[in-house]
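Quick note, in UniProt numbering, the sequence shown goes up one by one and the last residue is 157.
We put the CB at the ideal spot given by N, CA and C, even for glycine.
Given the structure is predicted, the values throughout are model-derived calculations rather than measurements.
Please read the structure below before turning to the comments.
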Amino acid sequence: MGLFRPVRGEVVRADLTSPLHTLTFPTLELILVTGLSWMLIGWLDQPGSVVDPQVRNTVVLVWLVLAFWRFVWPLLKSRRRRLVVTDQRLVVRAGEMRARTDSIPFRDIRSVQRRRNGIYLAIVGYERPLYFPDVPRAKKVTALIEESLPPAPVRYW
């Protein structure tokens, strides 16, 4: 979302990315994979061992691939997730590497609800609400969005 620029007169009220607690399990997996891999490498490197050095190098390569797949990739994805609340719209980008940025004007949002750390947005034209999981400070973000919504029109029968 390096390409996001507020339009003239638009004020950014909140600019959020995924909270760090989403990396708890990837960090624990990295510690486990590193410990087991390097214990195996230490066992392969013991004095008097007749193990081919290619086996050791293969174990190091497997460790590197596992560390990237189970820690670095989730880290990059979580840091790319972004939610920006301005005074006119909500700008959202998913954590995927080629994810596009979506802009939702407040006039298109019917309602907003918070469930635990996620936010549900009811959008005009969609049958089901959109769900954004793991939003940091979800309660504050929900309040910001609710403040920005235009008042509902009064209907007389």
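In this structure, L144 sits near R13, with a CB-CB distance shorter than 7 Å. Check the Cα spacing between Y126 and each of L16, P47, R110: the tightest is with R110. The three-state reading of DSSP puts S18 in coil, since its state is none of H, G, I, E or B. Ranked by how close their Cα comes to the Cα of E96, the residues T86, W73, L90, R89 have W73 in first place.
Closest by C-alpha distance to A138, out of P129, D87, W38, Y120, is Y120. Selection R107, Q54, L23 evaluated against D87 yields R107 as nearest (Cα-Cα). Taken in chain order, the unbroken stretches of alpha helix (DSSP H) that lie wholly in the stretch 22-61 and span 4 residues or more are 24-44. Collapsing the DSSP output to three states places P129 in coil.
One Cα belongs to L75, the other to V135, and the distance between them is close to 16 Å. Across the set R89, W157, L66, T101, the C-alpha of R89 shows the shortest separation from the C-alpha of P150. Just so you know, the alpha carbons of F4 and T142 end up roughly 21 Å apart.
With a cutoff of 7 Å on beta-carbon distance, L30 and A67 are scored as near each other. For R79, the enclosing alpha helix (DSSP H) starts and ends at 73-80. D108 carries a helical assignment under DSSP once its states are collapsed to helix, strand and coil.
In the same chain as R100, and ignoring 5 residues on each side of it, no C-beta atom comes closer than 7 Å to its own.
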